[in-house]
Amino acid sequence: MKKTNMHQVGTKAVLFTLLMLVSLMLPSCFLFGDDDEDDPKPAPRSEVPAALAHKWLAGQFSMTEFWKYDGSYSGNAFEMGIAFDFKANGDAEFYMVTGGTSMGCRTESFIYKKGTVLFNNNNSFTFYPTEGRKRGYYRGCAASYDDYDEKYTSKDLKPETYFYTIEKNSNGQDQLVTRFKVTDAAGTYFRVVNW
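Note that our numbering has the sequence shown beginning at 33, numbered continuously upward.
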């Protein structure tokens with residue numbers, strides 16, 4: 033009788049151990065599947081045309097200045113800069129910096145994305161971001177505004193397509209002009225820069 037009980041206890045222990053192993057391993061099949069952010073699929077890319085393999089910057093600022101009653105400078109009403117950095121091999125980076133002052137509240141934000149670029153035959157390019165960060169800063173604002181510094185998730189990193197032309201500026205230099213649609217009259221004008 034003791035042998036049978038010992039055999040049943042041993043069998044139960046083995047079954048319990050196997051059940052525990054399966055229950056521990058099963059979630060890993062779901063948690064670490066094809067959608068794992070640490071193992072992204074390669075993003076499309078193409079060689080960048082030589083005329084476009086540069087750092088491009090578009091920026092504007094408001095001529096309206098804000099000064100406090102005590103005479104101290106508070107900041108521009110609105111500032112924005114956008115930049116692309118296209119490498120010849122198809123690597124690309126995107127930057128956007130914004131700042132503004134309203135009623136004594138100064139806000140600043142910074143967006144950075146890194147990925148690849150695919151130049152298409154229809155004078156468009158698609159930027160495929162694979163990683164990035166966004167940061168925001170508030171000074172002199174209501175307490176409900178919190179600074180932030182966050183990493184983009186794969187859900188936030190969507191391909192972005194721009195239509196482009198190369199046009200001469202008033203100084204005869206090439207500038208990259210981007211539009212969201214071919215039919216858009218307004219464009220964003222970028223100049224070649226070094227940083």
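Even glycine gets a Cβ: it sits at the ideal position worked out from N, Cα and C.
Would you tell me roughly how many angstroms separate the C-alpha atoms of residue i and residue j, rounded to the nearest one?
i, j, result
"L189", "Q205", "33 Å"
"Q207", "A115", "13 Å"
"T158", "S104", "44 Å"
"R171", "K213", "36 Å"
"R211", "T197", "9 Å"
"T133", "R167", "17 Å"
"A124", "W88", "11 Å"
"L56", "Y184", "Residue confidence is low: L56 scores 43 on pLDDT, short of 50, so the model does not pin down where it sits. Its coordinate-derived value is still stated next. Whole-angstrom Cα-Cα distance: 30 Å."
"F48", "G164", "Residue placement at F48 is flagged as unreliable, the pLDDT there being 44, under the threshold of 50; the coordinate-derived value follows with that caveat. If I take the Cα positions, the gap works out to 45 Å."
"D102", "F110", "21 Å"
Here's the rule I'm using: 16 or more other beta-carbon atoms within 10 Å means buried, otherwise exposed. How should residue i be labelled?
i, result
"A75", "buried"
"P161", "buried"
"F62", "Confidence in F62 is poor, its pLDDT being 41 and thus under 50, which makes the residue's placement unreliable; the coordinate value appears in the next sentence. Exposed is the call here."
"Y180", "exposed"
"A175", "exposed"
"G131", "buried"
"V225", "exposed"
"A90", "buried"
What are the boundary residues of the beta strand (DSSP E) that includes residue i?
i, result
"G164", "156 to 171"
Which residues does DSSP list as the beta-bridge partners of residue i?
i, result
"Y127", "A115, Y144"
"Y177", "DSSP output for Y177 lists no bridge partner at all."
"F237", "Past the edges of the chain, shown from 33 to 227, lies residue 237, and the structure says nothing about it."
"K183", "R165"
"V80", "None, per the DSSP bridge assignment."
"G219", "Per DSSP, none; premise fails for G219."
"D206", "K200"
Query raised in the report: Counting Cβ pairs, one atom from each stretch, are 3 or more of them under 8 Å apart for the region 109 to 127 and the region 146 to 155?
Result: yes
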